[in-house]
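Here the protein sequences come in this chain order: A and B. Counting in the UniProt record's numbering, the final residue of the first sequence is number 868, and the numbers go up one at a time with none missing. Counting in the UniProt record's numbering, the final residue of the second sequence is number 140, and the numbers go up one at a time with none missing. The block underneath contains the structure these notes are about, expressed in structure tokens.
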Amino acid sequence: MDLAINPFSSGTRLRDMIRAIRACKTAAEERAVVRRECAAIRAAISEGDQDYRHRNMAKLMFIHMLGYPTHFGQMECLKLIAAAGFPEKRIGYLGLMLLLDERQEVLMLVTNSLKQDLNHSNQFIVGLGLCALGNICSAEMVRDLAPEVERLLQNRDPNTKKKATLCSIRIVRKVPDLAENFMSAAASLLKEKHHGVLISAVQLCMELCKASHEALEYLRKNCLEGLVRILRDVSNSSYAPEYDIGGITDPFLHIRVLKLMRILGQGDADCSEYINDILAQVSTKTESNKNAGNAILYECVETIMGIEATSGLRVLAINILGRFLSNRDNNIRYVALNMLMKAIAVDTQAVQRHRATILECVKDADVSIRKRALELVYLLVNDTNVKPLTKELVDYLEVSDQEFKEDLTAKICSIVEKFSLDKLWYLDQMLRVLSLAGNYVKDDVWHALIVLMSNASELQGYSVRSLYKALQASGEQESLVRVAVWCIGEYGEMLVNNLSMLDMEEPITVTESDAVDAVEAVLQRYSADVTTRAMCLVSLLKLSSRFPPTSERIKDIVAQNKGNTVLELQQRSIEFSSIIQRHQSIKSSLLEQMPVLDEANYLVKRAASIQAAVSFVNSAPAATSGGPLKLPNGVAKPPAAPLADLLDLSSDDAPVTTSAPTTAPNDFLQDLLGIGLTDSSPIGGAPSTSTDILMDLLSIGSSPIQNGTPTSNFSLPAIETKPVPVTPQVVDLLDGLSSSTSLPDENAAYPTITAFQSATLRITFSFKKQPGKPQETTINASFTNLATTTFTDFVFQAAVPKFIQLRLDPASSSTLPASGNGSVTQSLSVTNNQHGQKPLAMRIRMSYKVNGEVRLEQGQISNFPAGL
Amino acid sequence: MINFVLLISRQGKVRLTKWYSPYTQKERTKVIRELSGLILTRGPKLCNFVEWRGYKVVYRRYASLYFCMCIDADDNELEVLEIIHHFVEILDRYFGSVCELDLIFNFHKAYYILDEILIAGELQESSKKNVARLIAAQAC
Numbered sequence: 001m002d003l004a005i006n007p008f009s010s011g012t013r014l015r016d017m018i019r020a021i022r023a024c025k026t027a028a029e030e031r032a033v034v035r036r037e038c039a040a041i042r043a044a045i046s047e048g049d050q051d052y053r054h055r056n057m058a059k060l061m062f063i064h065m066l067g068y069p070t071h072f073g074q075m076e077c078l079k080l081i082a083a084a085g086f087p088e089k090r091i092g093y094l095g096l097m098l099l100l101d102e103r104q105e106v107l108m109l110v111t112n113s114l115k116q117d118l119n120h121s122n123q124f125i126v127g128l129g130l131c132a133l134g135n136i137c138s139a140e141m142v143r144d145l146a147p148e149v150e151r152l153l154q155n156r157d158p159n160t161k162k163k164a165t166l167c168s169i170r171i172v173r174k175v176p177d178l179a180e181n182f183m184s185a186a187a188s189l190l191k192e193k194h195h196g197v198l199i200s201a202v203q204l205c206m207e208l209c210k211a212s213h214e215a216l217e218y219l220r221k222n223c224l225e226g227l228v229r230i231l232r233d234v235s236n237s238s239y240a241p242e243y244d245i246g247g248i249t250d251p252f253l254h255i256r257v258l259k260l261m262r263i264l265g266q267g268d269a270d271c272s273e274y275i276n277d278i279l280a281q282v283s284t285k286t287e288s289n290k291n292a293g294n295a296i297l298y299e300c301v302e303t304i305m306g307i308e309a310t311s312g313l314r315v316l317a318i319n320i321l322g323r324f325l326s327n328r329d330n331n332i333r334y335v336a337l338n339m340l341m342k343a344i345a346v347d348t349q350a351v352q353r354h355r356a357t358i359l360e361c362v363k364d365a366d367v368s369i370r371k372r373a374l375e376l377v378y379l380l381v382n383d384t385n386v387k388p389l390t391k392e393l394v395d396y397l398e399v400s401d402q403e404f405k406e407d408l409t410a411k412i413c414s415i416v417e418k419f420s421l422d423k424l425w426y427l428d429q430m431l432r433v434l435s436l437a438g439n440y441v442k443d444d445v446w447h448a449l450i451v452l453m454s455n456a457s458e459l460q461g462y463s464v465r466s467l468y469k470a471l472q473a474s475g476e477q478e479s480l481v482r483v484a485v486w487c488i489g490e491y492g493e494m495l496v497n498n499l500s501m502l503d504m505e506e507p508i509t510v511t512e513s514d515a516v517d518a519v520e521a522v523l524q525r526y527s528a529d530v531t532t533r534a535m536c537l538v539s540l541l542k543l544s545s546r547f548p549p550t551s552e553r554i555k556d557i558v559a560q561n562k563g564n565t566v567l568e569l570q571q572r573s574i575e576f577s578s579i580i581q582r583h584q585s586i587k588s589s590l591l592e593q594m595p596v597l598d599e600a601n602y603l604v605k606r607a608a609s610i611q612a613a614v615s616f617v618n619s620a621p622a623a624t625s626g627g628p629l630k631l632p633n634g635v636a637k638p639p640a641a642p643l644a645d646l647l648d649l650s651s652d653d654a655p656v657t658t659s660a661p662t663t664a665p666n667d668f669l670q671d672l673l674g675i676g677l678t679d680s681s682p683i684g685g686a687p688s689t690s691t692d693i694l695m696d697l698l699s700i701g702s703s704p705i706q707n708g709t710p711t712s713n714f715s716l717p718a719i720e721t722k723p724v725p726v727t728p729q730v731v732d733l734l735d736g737l738s739s740s741t742s743l744p745d746e747n748a749a750y751p752t753i754t755a756f757q758s759a760t761l762r763i764t765f766s767f768k769k770q771p772g773k774p775q776e777t778t779i780n781a782s783f784t785n786l787a788t789t790t791f792t793d794f795v796f797q798a799a800v801p802k803f804i805q806l807r808l809d810p811a812s813s814s815t816l817p818a819s820g821n822g823s824v825t826q827s828l829s830v831t832n833n834q835h836g837q838k839p840l841a842m843r844i845r846m847s848y849k850v851n852g853e854v855r856l857e858q859g860q861i862s863n864f865p866a867g868l
Numbered sequence: 001m002i003n004f005v006l007l008i009s010r011q012g013k014v015r016l017t018k019w020y021s022p023y024t025q026k027e028r029t030k031v032i033r034e035l036s037g038l039i040l041t042r043g044p045k046l047c048n049f050v051e052w053r054g055y056k057v058v059y060r061r062y063a064s065l066y067f068c069m070c071i072d073a074d075d076n077e078l079e080v081l082e083i084i085h086h087f088v089e090i091l092d093r094y095f096g097s098v099c100e101l102d103l104i105f106n107f108h109k110a111y112y113i114l115d116e117i118l119i120a121g122e123l124q125e126s127s128k129k130n131v132a133r134l135i136a137a138q139a140c
């Protein structure tokens with residue numbers, strides 16, 4: 001752009017500059033033009049060029065609006081304001097208001113000029129000053145200039161008066177202490193005729209009421225009559241072209257007076273009664289075909305709701321709102337919904353009548369309206385209408401769009417939870433919500449659902465069947481999938497055998513294999529995330545116990561994940577494979593049904609949102625410790641200490657540690673015993689310390705890792721049989737565990753126990769105690785080979801905690817004939833140094849050869865009868 | 001009260017801003033950017049109110065310009081729509097069939113007119129005739 005800019009004048013006219021800037025095609029061009037102009041302006045300012053100051057300031061303001069820095073112009077504003085001519089002052093004040101804000105120090109410098117201008121003889125200049133003061137003054141300036149403004153309130157020119165009044169509003173906002181100064185002035189202003197002054201005066205009164213209670217009282221006493229008169233006059237006035245908007249004379253005045261009446265009438269019965277009539281008149285008389293009329297009606301309704309109105313008036317208000325609700329104009333409906341939320345506090349019944357319309361609004365195209373309507377519906381829900389309302393909302397959930405689904409889902413879930421009349425209904429609703437919008441459902445919602453299912457035993461069959469069906473239908477909703485998988489795992493038999501059917505259910509045929517198929521499908525789905533897959537693995541494990549024929553197949557499925565790159569899944573699959581393969585004996589007890597989750601407890605915990613990390617798997621979402629966790633090891637509640645004590649692994653005893661192969665099965669076993677796991681370190685970390693762990697276990701060592709966090713304490717099947725002060729929760733946990741371990745029958749002497757049983761080997765212990773030596777026990781161990789091949793080189797080893805001493809006598813033979821055709825016996829002698837305080841516990845290990853191959857088995861015996 | 005007035009073009013260019021509450025220069029830019037994004041993307045059939053940061057913003061589109069006014073949560077939105085229209089009608093009367101270009105080249109006059117309608121974020125004059133008379137008297 002080649003504009004010849006004379007360096008000695010400020011060059012271009014304003015409009016030329018604007019045209020030049022608009023003609024720029026790129027940002028760089030624009031910057032160049034702006035820079036040139038700024039330079040010229042800066043030069044002109046520093047030279048004190050008088051001629052074009054006005055134009056330069058205007059240019060500067062334009063440049064400011066484009067977003068460029070213009071600090072160098074601030075002082076020029078001040079100089080312009082101090083100039084004598086009106087145009088200069090005007091542009092100076094405009095510049096001030098645009099380029100500065102009240103927080104800047106420079107503003108203070110204007111105070112003196114302002115004072116002079118406020119005292120000027122030219123009314124327009126006074127007006128300029130008042131305007132600037134009213135828009136951007138700071139608190140200090142206010143204190144300096146308040147007296148001037150007060151004086152101006154009495155000025156005879158209405159234009160000045162109204163500006164002064166509005167300026168006073170800002171003064172009172174900035175320095176509320178000054179409110180009392182303006183009280184009487186405000187009251188007398190209300191007697192004016194000029195609408196501009198009236199509007200400003202009413203506004204000032206409102207501000208005073210907000211700032212000072214004393215002012216409120218004063219105005220209430222003195223102004224009410226005047227206000228009613230103003231409203232009546234303007235409402236009844238004939239056509240006044242100057243003030244007419246939409247057929248109504250000065251709706252602005254109407255609205256402001258109504259608002260002030262609301263402030264005065266709030267909480268005051270007399271005042272409210274006094275304005276009753278005029279309110280009724282305005283409400284009924286005002287036409288509502290134009291926006292102006294509706295604005296007035298809106299204010300009326302607000303006022304009626306805000307004061308102590310008569311019931312007749314309230315009914316009137318609700319009716320107006322009802323009309324608004326069915327108006328086609330979106331604005332009106334939005335406003336109505338807003339009002340209704342406040343109206344609920346006043347008269348719920350009346351609002352309920354409009355429920356249908358409100359429900360329609362939930363489905364509106366406009367997002368602002370939908371949000372308001374949803375909030376309103378939420379407030380409207382009560383015991384009687386919760387079922388139909390929820391049904392509507394859930395129906396809508398199906399078709400609503402994505403951004404709204406989240407809000408809607410959250411609201412539905414909280415409604416359902418709050419008003420869950422009966423469990424069946426709750427279940428149904430949640431199922432529908434999960435099917436439609438499971439991805440938006442928050443974790444604690446579906447946790448709560450599981451807690452409910454666990455508590456509602458009569459509904460478990462129904463739940464699992466419905467979930468199974470839902471899983472087939474809406475498999476992409478993650479939460480639904482998780483809940484379904486958990487249920488199928490837990491309540492698999494009910495699914496397959498159609499147990500505990502409810503009346504309206506139709507039987508479905510699901511075979512064991514179908515159930516496994518369903519879970520397998522989820523597991524292998526590409527989109528399933530780690531948590532879901534982890535849950536699937538657990539579920540499969542449970543099914544392998546509930547449906548023994550499928551065990552092999554499940555083993556294969558689980559084994560597929562042994563090499564999974566996600567540590568969590570790999571670990572689980574390895575461990576579970578191991579359980580399935582090797583530990584048939586404890587498998588079924590391991591996988592008994594979960595104990596009923598304590599609902600009250602759960603709710604408390606959830607409320608406190610404890611993030612009790614679940615032991616060795618942390619991918620579980622924020623599950624409370626009571627939550628339905630995907631661990632076969634059940635709930636991780638009690639701290640490590642008591643259990644550890646139980647085994648008293650801190651005792652210092654000798655025995656046997658063969659080198660511990662750090663294979664997974666070992667770790668797994670340790671886990672079972674709940675030793676040495678912190679939850680943050682996944683087992684992956686454990687192998688490196690597994691030798692230590694093993695050491696601890698078998699003998700000595702420091703006290704086991706008391707990390708205070710719950711470790712998986714699936715532990716010891718027979719603990720419950722011990723009269724030991726074990727943490728009660730542990731007992732709860734194990735309630736469900738019946739014993740695969742045979743309970744001793746009532747026997748005065750110490751009963752024989754099956755210390756160990758696997759697919760290939762059984763060991764029984766029988767006990768004898770010497771009278772007079774209660775601490776010593778002689779155990780006669782008997783080994784039986786359950787397999788079909790003979791075992792040779794049979795070696796039995798045992799380890800005990802520190803406080804016990806053990807002596808092994810040689811075995812009767814080292815060959816175990818097959819299929820139980822004879823057994824080997826060995827005698828052990830144990831001395832319990834803490835007899836009576838701590839029970840016996842023992843770890844055993846057997847090694848033998850089969851067809852030349854070495855086999856190892858190990859186990860733990862804790863089902864020693866009491867009193868040993 | 002009205003916290004600020006914003007006039008933005010369809011392309012997001014700012015034509016007029018007036019701030020009645022304290023906002024620093026940086027905050028102002030941010031606010032403008034946010035609101036532009038919020039308002040310019042709304043469809044034509046939707047209501048004229050958006051909720052933003054706890055305030056309500058009332059806007060109306062006139063040809064290629066969006067007139068936005070940010071009010072407190074307890075103000076009467078329908079009335080503010082009327083105030084916006086009041087302003088536009090006065091501009092129209094003054095410029096004679098006002099268009100965006102008028103407001104660009106005569107922005108300072110638009111400001112003068114706004115200053116006769118609002119002070120301290122409150123309405124000053126409900127008579128269009130009075131406003132016109134005052135503006136004329138000050139020979140702007």
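For each residue, glycine too, the CB sits at the ideal point set by N, CA and C. Owing to the predicted nature of the structure, the values given are computational and were not obtained by experimental measurement.
Could you compute how far the alpha carbon of residue i sits from the alpha carbon of residue j?
i, j, result
"Gln154 of chain A", "Lys221 of chain A", "22 Å"
"Ala365 of chain A", "Val34 of chain A", "45 Å"
"Leu340 of chain A", "Phe4 of chain B", "28 Å"
"Leu379 of chain A", "Ile307 of chain A", "22 Å"
"Asp177 of chain A", "Leu152 of chain A", "19 Å"
"Ala44 of chain A", "Phe62 of chain A", "17 Å"
"Leu6 of chain B", "Tyr218 of chain A", "38 Å"
"Asn832 of chain A", "Asn564 of chain A", "46 Å"
"Ala654 of chain A", "Gln472 of chain A", "Its pLDDT being 37, under 50, Ala654 of chain A is placed unreliably in this model, and the value from its coordinates should be taken loosely. If I take the Cα positions, the gap works out to 57 Å."
"Lys838 of chain A", "Ile779 of chain A", "18 Å"
"Gly772 of chain A", "Gln834 of chain A", "16 Å"
"Thr784 of chain A", "Leu543 of chain A", "30 Å"
Helix, strand or coil: how does DSSP classify residue i here?
i, result
"Cys99 of chain B", "coil"
"Ser823 of chain A", "strand"
"Gly37 of chain B", "helix"
"Gly196 of chain A", "helix"
"Tyr93 of chain A", "helix"
"residue 883 of chain A", "Residue 883 of chain A falls outside the range modelled here, since chain A spans only 1 to 868, and no answer is possible."
"Asn363 of chain A", "Checking the sequence shown, residue 363 of chain A turns out to be Lys, not Asn. DSSP places Lys363 of chain A in coil when its eight states are reduced to three."
At a Cβ cut of 7 Å, what residues of the stretch 222-247 of chain A count as close to chain B, listed as they run along the chain? Of all residues in the stretch 222-247 of chain A, those with a C-beta nearer than 7 Å to a C-beta of chain B are Glu242, Tyr243 and Ile245, reading in chain order.
Tell me, please, whether the stretch 42-50 of chain B touches the stretch 8-18 of chain B by the rule of three or more beta-carbon pairs shorter than 8 Å. Under the Cβ criterion (8 Å, minimum of three pairs), the stretch 42-50 of chain B does not count as touching the stretch 8-18 of chain B.
Could you give the uninterrupted runs of the alpha helix (DSSP H) lying entirely in the stretch 256-331 of chain A, keeping only those of 4 residues or more? 269-285, 291-306 and 311-325
Stretch pair the stretch 844-853 of chain A + the stretch 50-62 of chain B: three plus CB contacts closer than 8 Å: no
In chain order, which continuous runs of the alpha helix (DSSP H) of length 4 or greater are located wholly inside the stretch 387-470 of chain A? 402-418, 423-437 and 443-455
Taking three-plus beta-carbon pairs below 8 Å as touching, is the stretch 531-548 of chain A in contact with the stretch 570-579 of chain A? yes
Going along the chain, which residues of the stretch 134-146 of chain A sit with their C-beta nearer than 7 Å to a C-beta in chain B? Hits within the stretch, in order: Gly134 and Asn135.
Contact list for the stretch 102-135 of chain B against chain A, Cβ threshold 8 Å: Ile104, Phe105, Phe107, His108, Tyr111, Tyr112, Asp115, Ile119, Ala120, Glu122, Leu123, Gln124, Glu125, Ser126, Ser127, Lys128, Lys129, Asn130 and Leu134
Pull out every residue of the stretch 297-321 of chain A whose Cβ sits closer than 7 Å to any Cβ of chain B, in chain order. Tyr298 and Glu299
Tell me, please, whether the stretch 200-208 of chain A touches the stretch 164-174 of chain A by the rule of three or more beta-carbon pairs shorter than 8 Å. Taking one beta carbon from each stretch, the stretch 200-208 of chain A and the stretch 164-174 of chain A have 3 or more pairs nearer than 8 Å; the two touch.
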